[in-house]
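Following the numbering used here, the numbering of the sequence shown begins with -19 at its first residue and continues without gaps.
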Amino acid sequence: MMKKQMFRAVIVLFLTSLKLSVFAQVTADPVFPKESDKVVFTFNAAEGNKGLMGETGEVYAHSGIITDKSTSDNDWKYVKFPWTTNDPSMLLTRVRTDVYTLTIDNIRSFYGVPAGDKIRKISFVFRNATRTKEGKATGNADIFMP
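Listed below in structure tokens is the structure:
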């Protein structure tokens, strides 16, 4: 009886994690990166608000960090560049139609987060080069990666 319950629990967890990875607008590799890891973020423009679906030009990430000192998810810290800056370090690589990657070698050093601040989430809004289209979560919310 106990083995059957354990098996069911494992199946439910597996299916839940599969659903999250298959349908997620942004995924990370590794899935749960440490702040010093090299991480590849994959953005699927056909998910979320679909604001960049079909975009053929350059796509950039606007990104910051939610820390223990942030007052809310809107209180981004250590924003890499202003919204109006098309910096090469935030230019995504097109993998195929509507799928892009961004590689960060070390989260803490890339964003310049001091050792005393705890990183809680990485925040993203993706945009085209002219800032006329945005890729966000469903409901036009910012995208957060734990």
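The C-beta atom is built at its ideal place from N, Cα and C for all residues, glycine as well. Treat the numbers as computed from the prediction; the structure is a model and nothing was measured.
* Asked: Between the Cα of E35 and the Cα atoms of V19, A25, N29 and H42, which residue gives the shortest distance?
  -> A25
* Which term fits T65, buried or exposed, when burial requires 16 or more other beta carbons within 10 angstroms of its beta carbon? -> exposed
* Asked: For V79, which residues does DSSP report across the bridge?
  -> N24 and R76
* Report yes if the C-beta distance between K18 and T77 is below 8 Å; otherwise report no. => no
* Per-residue DSSP class, three states only, for F124 -> strand
* Return helix, strand or coil for S16, following the three-state DSSP convention. => coil
* If you follow the alpha helix (DSSP H) that S89 is part of, which residue opens it and which one closes it? -> I87 to Y91
* **Sheet register partners of A117 (DSSP bridge)** => A121
* To do: Using three-state DSSP, classify S69 as helix, strand or coil.
  => helix
* Asked: Tell me which same chain residues have a C-beta within less than 8 Å of the C-beta of P10, skipping the five on either side of it?
  -> D17 and V19
* Between R88 and G37, what straight-line distance do the alpha-carbon atoms span, to the nearest angstrom? -> 29 Å
* Asked: Quick one: what's got a C-beta closer than 8 Å to D53's C-beta in the same chain, skipping five residues either side?
  -> I46, K101, S103, D122 and F124
* Can the beta-carbon of D97 be found closer than 8 Å to that of K60? -> no
* Cβ shell of P126 (< 7 Å), same chain only, five flanking positions each side left out -> K101
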